[in-house]
Structures are given as C-alpha cells and as structure tokens.
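Engineer: To convert a position in the first sequence, counted from 1, into my numbering, add 51.
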Amino acid sequence: MVIGSARTPRLVISLKQRSFTFYYWVHSFNFAAHELFDKSPQRDEIHRFSSFCDINSSFQNSLCSGFVNYDNDQQGNESTISELAKQGHFQEALKSFHSLHDLGIKPTKFTFCTVLNSCSKLLDLCLGLQIHARIIQIGYEDNLFINSALVGLYSKCDMMVDARNVFYRMRNHDQVSWTSIITGFAQNGHGKEALVLFKEMLETSIRPDCFTFTSVISACTQSEAALEEAALLHVHVIKLGFEQNSSVISSLVDCYSKCGKIDRAISVFNSTLEKDTILVNTMIAGYSQNLLGEEALRLFTKMRKDGLCPTDYTFGSVLNACGSLTILQQGRQIHSLLTKTGSDRNVFVASSLIDMYSKCGTIDEARKIFDQTIQRNNVLWTSMITGYAQSGRGEDALELFENLVREGLKPDRICFTAVLTACNHGGFLDKGIEYLNKMKTYFGLVPELDQFACMVDLYGRNGHLRKARELMEEMPFEPNAVIWTSFLGSCRVHREVELGREAAKQLLKLEPNSPAPYVTLANIYADAGMWEEVKEVRKMMKEKGMRKSGGWSWVEIEQKFHVFSVNDTSHPQMQEIYAELYKLYFEMREAGYTHKRKYV
DNA sequence: ATAGGGTTAG
Numbered sequence: 052m053v054i055g056s057a058r059t060p061r062l063v064i065s066l067k068q069r070s071f072t073f074y075y076w077v078h079s080f081n082f083a084a085h086e087l088f089d090k091s092p093q094r095d096e097i098h099r100f101s102s103f104c105d106i107n108s109s110f111q112n113s114l115c116s117g118f119v120n121y122d123n124d125q126q127g128n129e130s131t132i133s134e135l136a137k138q139g140h141f142q143e144a145l146k147s148f149h150s151l152h153d154l155g156i157k158p159t160k161f162t163f164c165t166v167l168n169s170c171s172k173l174l175d176l177c178l179g180l181q182i183h184a185r186i187i188q189i190g191y192e193d194n195l196f197i198n199s200a201l202v203g204l205y206s207k208c209d210m211m212v213d214a215r216n217v218f219y220r221m222r223n224h225d226q227v228s229w230t231s232i233i234t235g236f237a238q239n240g241h242g243k244e245a246l247v248l249f250k251e252m253l254e255t256s257i258r259p260d261c262f263t264f265t266s267v268i269s270a271c272t273q274s275e276a277a278l279e280e281a282a283l284l285h286v287h288v289i290k291l292g293f294e295q296n297s298s299v300i301s302s303l304v305d306c307y308s309k310c311g312k313i314d315r316a317i318s319v320f321n322s323t324l325e326k327d328t329i330l331v332n333t334m335i336a337g338y339s340q341n342l343l344g345e346e347a348l349r350l351f352t353k354m355r356k357d358g359l360c361p362t363d364y365t366f367g368s369v370l371n372a373c374g375s376l377t378i379l380q381q382g383r384q385i386h387s388l389l390t391k392t393g394s395d396r397n398v399f400v401a402s403s404l405i406d407m408y409s410k411c412g413t414i415d416e417a418r419k420i421f422d423q424t425i426q427r428n429n430v431l432w433t434s435m436i437t438g439y440a441q442s443g444r445g446e447d448a449l450e451l452f453e454n455l456v457r458e459g460l461k462p463d464r465i466c467f468t469a470v471l472t473a474c475n476h477g478g479f480l481d482k483g484i485e486y487l488n489k490m491k492t493y494f495g496l497v498p499e500l501d502q503f504a505c506m507v508d509l510y511g512r513n514g515h516l517r518k519a520r521e522l523m524e525e526m527p528f529e530p531n532a533v534i535w536t537s538f539l540g541s542c543r544v545h546r547e548v549e550l551g552r553e554a555a556k557q558l559l560k561l562e563p564n565s566p567a568p569y570v571t572l573a574n575i576y577a578d579a580g581m582w583e584e585v586k587e588v589r590k591m592m593k594e595k596g597m598r599k600s601g602g603w604s605w606v607e608i609e610q611k612f613h614v615f616s617v618n619d620t621s622h623p624q625m626q627e628i629y630a631e632l633y634k635l636y637f638e639m640r641e642a643g644y645t646h647k648r649k650y651v
C-alpha cells in the first residue's frame, strides 16, 4: 500500500486551502463509508471520493475497511517503527508503518505520535493529513500527545491555521503543546502571534520551560520592541535558572546581536560555560552582522582549536566577515577548507562565497562559483547580480537578470534593488525607469524605500534633480538619511545650490551629529564662489564641536571600540589604543550617537 | 515507549 506518495504541488496547494475542512469531511465520510462498506460493497462511492481528493485509492479502501484485531506481530512492528524514527530513518519508519497498516493492524497512540513526527521531519503533509483522518476515525483525537504532534506537523508545514485549530480544540494543554504552537508561529515568521500566545500561556497555570523560552526569544527578534521584550525575557531566564541552557542562550545572543547590542550578546556568550556548535555559530554570525569581522574570524579559529567542527552556518557567517573586511587571502583559505567537506554545494555557503569574491574584487571567481552551483535560488542569483552591479559591470548584471527571468524564477524586491543599482552604476537612466515599471506591472511587486532610493540616485546622478526631488515628494515614504545623502551628493556634482541647501538641512535633522552634510554643503558653496556662506558653515561646525574631517567617524569608532574591547591585552600597544578608543567612545555616546541596524 | 527549542546567504 502506498500512502500519499504523490506530492504534486497542485495537491499540496489545494489541501493547504481547505485541509481543516478536508479532514473533517474525511472523518464523517469514513464513518458513513465504513457502514456502507460492510453492508454492500459500494466501492464506487469510495473511489469517487478518492479521485476527488487525488489520493491513492487503495489507502482509502483500507481506511474504510474497518478495524482488525490485534496481531501477534504488532509489538514487534511498532517497536521497529519507533527504533527507526529514533535513529533518524524517517522514511523507513513510515514504510514500516505502511506495512503495519497493510496487515490491518490498528496502531497504538504511541505509534501515531512517532509517525506524525516522522511526517513533520520529512515535511510529508499529504501523509500527515491522511493519518490525521485516521486518528479521528479511530477516536484518538483527544490524546494530548497526538494533538501536540499534530500541532508540530502543521507548524512545520507552515499551516498555522490548522495548527491553531487543533490547538484550540484540545481539551487541555501542557508545556509541550503550548511550546509547539508558539514555536510554530515563531518559525513561520509570525513573531507577534508567538508573543501573544506566550502571554496567553502565562495566564494559565502551565509554566514555560527552557524550550518555551528558546522559541519565544527567537520570536521576539521579529518584534518591533525586540530589545525591550528580550531584556524582559532575559530577566525571567535568569530568575528561572535557564541561563546555562545552550539553546536559550543562543536565541538570546542572536536577538541581542540583531538589535545591534553586540556588547550584551558578547557578555551573555562569555558567561556561558559550555558552548556548543550552534551557540558559537550564533556568536560568529552576531559579530559578522555587526561588522566585527575580525572578531568573527578570531572566534572561528578558536572554535576549530577547541575541536568544534564548523558547519554550513559557520561558513556562511565567516565568509560574510571576510567579504566585509575584503581579505581575499583568508576567504580563499576558508573556501578550500569547506570544499573538502562538500559545503560548497550548500546554497547559503555558495551565496556567501559569491558575495565574498565580488567584494574582494575578484568578480570572475564569483562567477565561477555561480556557474558551479547546481541548486540555484533567488538569493544566489541576486548575489551574483549585486556583485556585477557593484563591480561596475552593469551590462553583465542586466544580462544575468534577463537569464533569471528566462529560467522562470521570480525576482523579489532585493533582486530589483540589485538591478536598479546596476543601472545607476552604468548610467542607464531609461533602463532603470523601465525596470521599475516592470517590477510593478509585470512582477506585481510594490516598490519600497530601497527601490525609491535607487531611483532618486539614478535621476540625481543623471542631472535630473527636479525629477529626483519630485519622486521624493511623491513616494509613500519619508526620505531617509541615505536618500538625502545621495541627493545632496548629486546637488554638489550638478551645482544646485538651493536644492543642496535644503537637502543638507533635512539631513542634519536626521543626523545632527554627522559632519558630512556640512562638508558637502561647504563644498557646494565653494564651487559656486559663495565664500561668505562657506565661512558660515565652518563656523556652525566649530560651534557644534564637529570632529575634523580625516578622523574616524562615529561608526568606525564604535566598530573599533568593540574589536578592541574584547581583545586580549597581550599586545604592547593595546592599552594605549584602548584608552584612546574608550575616550572617543564615550564622547560619541555623549554626542547622542546610537547604533543603527544593518538593514534599516 | 509516544509530542516541543537555538544558528547561515543577496
């Protein structure tokens, strides 16, 4: 017997739309069918049902064939299933389940749990749905363990409506079922829902454990008030004594890193005694996301010295660090290291390699990786397009984009940002306008701030400053500092004093401590021979205590401070450098500079 | 005996 081996996309989609109704329908149908089947062989009814559902009919037959008494083999069969699943042989466990079913044996609750778990590991929704129907038919639908497993299955398959339905239909809940539903929302990008459910859970008598905290902390990374939520949860974690649990700490470190609070992430990480691979991976990723590439590499080296084996996750982050530090030598070494374990076939690693090579200026090597990679997704293509765009090879970037479309992949917003960047660097104004329109009409995407920023830049660079200004007015977002900076730069190139003055004013509102707008404005005045105004700008800079140009910017100071603050002090000049940085760092904090997130 | 957790790329 074959249960749901055919997983056609069409079936999955149609099941996705109405699965909950579907299995209740199966439920009532099966009881009706059961009777029919016993009295007269009205197989036609059953077959009609089967073809409607697109599911293998022999299963439907056996579903409706009623219960058979326990077999002597049952004990043996069922322990085989659980053994196989325990060892991670999920496919084999399911096969074994099939044969159990063929023998007409009614599985126990325990077996259903194991089998549902195997389905969720294999993402076999189709089989899972049929098993759910069978569970209802047998009358196990009130079992706590089975329901938790069902919640887990639907969550893994991104069917949160069904997961939630199962959850709320349960008569009673425990830690596991609450954690399952919270995890489901967290993992499918509904962090807000996960937090709401967590608060709901706190109102019951069931207490969260370290599994719950792990999930809910990872959920709050997606929240707007992430830092506040995380800090609150952190307090609970300490109070409840979970602060040495590796998973809890990993999600905390990740959350703090993504909020830009790298110092807090570091201190949490350092106070953990036993560090496993995932925790170290999280810290390395945190360093590289916060542009602390040297620290990321240092931890990577230490990890290998400590005997922890790097994984694909590790390589992704470490290559990212190499890219932002533009250290080709190290990048190549890591590349050859990961080739030995076959990690270069991983699409995440391949994207990082492409990114690293293009940032290091070896775009042809990046292309080699791209061509070698078999499993190509959207991100991989975008990495390569971005690489070409930033290397000034606009034509190649656009050609690649056309290939992407020809291959039937659907570009997303980030991909269009890459394409528009290519147009900017190549000076293709008309093409840029064309692609923006295509994005809206042909691909049904709504442009966001990043794409508008590209367009403002494109118009500005090509001297259409009025048009750029109009776009900034028309777009449904407030222009951010990036846009004003680009616009101000274009004003300088095209000697637009009035527009430049306004841009500088707006920019200073957004970034009152940045000297850059003053400098550019002074240059604009100087180009126009307006020496009085130049003097005035310089005076304003002096009054505000601006740092002279040529020194480090606040961002650089913050970066360097963190690099050195966690360094050892064995280097002879370290104390001196550290003292200087420390002074600058506090000066910066007093000036009101706060860290900005990477992708805002 | 059976169910739940953390990390990666553009």
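Each residue gets a CB set at the ideal place from its N, CA and C atoms; glycine is no exception.
In whole angstroms, give me the CA-to-CA distance for residue 525 and residue 538.
Structural biologist: 15 angstroms
Engineer: Shortest alpha-carbon distance to residue 533 belongs to which of 554, 527, 547, 513?
Structural biologist: 554
Engineer: Within 10 angstroms of the Cβ of residue 219, are there 16 or more other Cβ atoms? Answer buried if so, exposed if not.
Structural biologist: Counting Cβ neighbours within 10 Å, residue 219 comes out exposed, since fewer than 16 surround it.
Engineer: Within the same chain, show all residues whose beta-carbon is closer than 8 angstroms to that of residue 300, passing over the 5 residues directly before and after it, in chain order.
Structural biologist: 294, 319, 320, 323, 330
Engineer: Nearest by alpha-carbon distance to residue 187: which of 583, 160, 211 is it?
Structural biologist: Selected option, being the one with the closest Cα: 160.
Engineer: What does a CB cutoff of less than 8 angstroms around residue 202 pick up in its chain, not counting 5 residues either side in sequence?
Structural biologist: Within the same chain, Cβ atoms closer than 8 angstroms to the Cβ of residue 202 are found at 214, 217, 218, 228, 231, 232, 235, the five residues on either side in sequence being excluded.
Engineer: Tell me where the alpha helix (DSSP H) around residue 404 begins and ends.
Structural biologist: 398 to 410
Engineer: Beta-carbon within less than 6 angstroms of residue 430's beta-carbon, same chain only, minus the 5 sequence neighbours each way: which residues are those?
Structural biologist: Here the set comprises 402.
Engineer: Alpha helix (DSSP H) containing residue 579: first to last residue?
Structural biologist: No alpha helix (DSSP H) contains residue 579, which DSSP labels as neither H nor E.
Engineer: I need the DSSP call for residue 259, collapsed to helix, strand or coil.
Structural biologist: Three-state result, residue 259: coil.
Engineer: Check this for me: beta carbons of residue 313 and residue 343, under 8 angstroms apart or not?
Structural biologist: yes
Engineer: Short of 6 angstroms in beta carbon distance, which residues of its chain neighbour residue 310, apart from the five on each side in sequence? Order them along the chain.
Structural biologist: Excluding positions up to five away in sequence, the list reads 277, 278.
Engineer: Put residue 544 into one of helix, strand or coil per three-state DSSP.
Structural biologist: helix
Engineer: Round the Cβ separation of residue 271 and residue 246 to the nearest angstrom and send it over; I've been treating them as touching at under 8 angstroms.
Structural biologist: 6 angstroms
Engineer: Within the same chain, show all residues whose beta-carbon is closer than 7 angstroms to that of residue 399, passing over the 5 residues directly before and after it, in chain order.
Structural biologist: 363, 367
Engineer: Residue 356 to residue 447, Cα distance in whole Å?
Structural biologist: 42 angstroms
Engineer: Taking 8 angstroms as the limit between beta carbons, can you name the residues of its chain near residue 248, skipping five residues before and five after?
Structural biologist: Cβ within range, chain order: 229, 232, 233, 236.
Engineer: If I measure Cβ to Cβ from residue 262 and keep anything under 6 angstroms in the same chain, skipping five residues before and after, which residues do I get?
Structural biologist: 230
Engineer: Going by DSSP, what residue range makes up the alpha helix (DSSP H) through residue 434?
Structural biologist: 429 to 441
Engineer: Whose C-alpha, out of 297, 326, 222, 333, is nearest the C-alpha of residue 307?
Structural biologist: Considering only alpha carbons, the answer is 333.
Engineer: Does DSSP put residue 553 in a helix, a strand or coil?
Structural biologist: helix
Engineer: Beta-carbon separation of residue 154 and residue 144 under 8 angstroms?
Structural biologist: no
Engineer: Return the CA-CA distance between residue 141 and residue 415, expressed in angstroms with no decimal places.
Structural biologist: CA-CA distance, residue 141 to residue 415, rounds to 42 angstroms.
Engineer: Which one of 274, 149, 264 has the shortest CA to CA distance from residue 285?
Structural biologist: 264
Engineer: Exposed or buried, what is residue 148 when buried is set at 16 or more other beta-carbons lying within 10 Å of its beta-carbon?
Structural biologist: By the neighbour-count criterion, in which 16 or more other beta carbons inside 10 Å mark a residue as buried, residue 148 falls on the buried side.
Engineer: If I measure Cβ to Cβ from residue 194 and keep anything under 7 angstroms in the same chain, skipping five residues before and after, which residues do I get?
Structural biologist: 160
Engineer: Would you identify the three-state DSSP class for residue 239, choosing helix, strand or coil?
Structural biologist: coil
Engineer: When you compare only the Cα positions, how much space is there between residue 335 and residue 588?
Structural biologist: 43 angstroms
Engineer: Comparing alpha-carbon positions, which option in 410, 442, 444, 406 lies nearest residue 432?
Structural biologist: 406
Engineer: Would residue 476 and residue 514 qualify as a contact pair, given that the criterion is a beta-carbon distance under 8 angstroms?
Structural biologist: no
Engineer: Count the other CB atoms, across all protein chains shown, that sit within 10 Å of the CB of residue 426; report buried if there are 16 or more and exposed otherwise.
Structural biologist: Under this definition residue 426 is an exposed residue.
Engineer: Buried or exposed for residue 444, going by 16 or more other Cβ atoms inside 10 Å?
Structural biologist: buried
Engineer: What residue from 479, 179, 434, 174 has the CA that sits closest to residue 164's CA?
Structural biologist: That would be 179, whose Cα lies nearest to the Cα of residue 164.
Engineer: Residue 568 by DSSP, collapsed to three states: which one?
Structural biologist: helix
Engineer: Between 530, 563, 509, which has its C-alpha nearest residue 541's C-alpha?
Structural biologist: 509
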